[in-house]
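In our numbering, the protein residues as written are 146 to 301. C-beta atoms are modelled at their ideal positions from N, C-alpha and C, and glycine is treated no differently. For reference, the structure discussed in these notes is given below.
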Amino acid sequence: MTAHTPAQRGMYFEEFEVGHRIVSAARTVTETDIVIFAGLSGDFNQIHIDAEYSKNTPFGARVAHGLLGLSIASGLLVQTGFMEGTIMAFREVTEWKFIKPIFIGDTIHVEAEVKETKAIPRIGGGSIVILLDVKNQNGDTLMKGTWTALIAGRPK
């Protein structure tokens, strides 16, 4: 019996160039997302789950967990397919800033740009540094920072 391997549709390390831009599809953040994330993470902070409490905060309403926004951003970026079958490891998140809150009903997307590439021959590929900018439906930046990933090189 032959094992089934998903088709590679991602980019190999050699295909990445500084300045390459990727824009994800958008996704609306729901109350269900927040409740499920609270359950998974154990973070039941009132700013996320208590509508009455949240009315009296600087935001005036419940907001999504910052790490939920980061997780959704990761999923949106992966769904573009540029790393599918070629990512070896997600290595680092640096300089991440939570700038504005994500509210229930916000529709977010990710704009990413390759900032650096570094060949690492011993792993058969290299490292890429990507600047991410997570924006809402109004074009406001909600969070941003850089991610580093290890990407496989083109097979010989």
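Coil, strand or helix - residue i by DSSP
| i | result |
| --- | --- |
| Val-168 | strand |
| His-210 | coil |
| Arg-267 | helix |
| Asp-178 | helix |
| Gly-290 | strand |
| Glu-258 | strand |
| Ile-232 | strand |
| Phe-248 | strand |
| Val-163 | coil |
| Ala-148 | Low confidence applies here, because Ala-148 scores a pLDDT of 45, under 50, leaving its location unreliable and the question unanswered by this model. |
| Tyr-157 | coil |
Buried versus exposed, by CB contacts within 10 Å (16 or more), residue i
| i | result |
| --- | --- |
| Lys-280 | buried |
| Thr-147 | Confidence at Thr-147 is low in this model, with a pLDDT of 43, below 50, so the placement of that residue should be treated as unreliable; the coordinate-derived value is given next. Answer is exposed; the Cβ neighbour count stays below 16. |
| Leu-221 | buried |
| Val-255 | buried |
| Asp-178 | buried |
| Thr-231 | buried |
| Leu-185 | exposed |
| Gly-204 | Note on residue identity: the sequence assigns Phe, not Gly, to residue 204. Exposed: under 16 other Cβ atoms inside 10 Å. |
Beta-carbon spacing of residue i, residue j below 8 Å
| i | j | result |
| --- | --- | --- |
| Ile-273 | Ile-296 | yes |
| Arg-172 | Thr-252 | yes |
| Thr-262 | Phe-161 | yes |
| Glu-159 | Gly-298 | yes |
| Val-168 | Lys-260 | no |
Residue i - partner residues in DSSP beta bridges
| i | result |
| --- | --- |
| Trp-241 | DSSP, once it has assigned bridges, lists no residue as partnering Trp-241. |
| Lys-297 | Note on residue identity: the sequence assigns Ala, not Lys, to residue 297. Bridge partners of Ala-297: Gly-270. |
| Lys-280 | His-254, Thr-286 |
| Thr-173 | Thr-252 |
| Ile-275 | Val-259, Trp-292 |
task = Evaluate the contact criterion for the region 253-270 versus the region 189-197: three or more CB pairs, one atom per stretch, below 8 Å.
result = no
inquiry  = Can you confirm whether the region 200-218 touches the region 239-254 when touching is taken to mean that 3 or more C-beta pairs between the two stretches lie within less than 8 Å?
reply    = yes
request  = Please determine if the region 226-244 and the region 153-170 are in contact, where contact requires at least 3 C-beta pairs separated by less than 8 Å.
outcome  = yes
Cβ contact (3+ pairs, closer than 8 Å) linking the region 285-294 and the region 230-237 = yes
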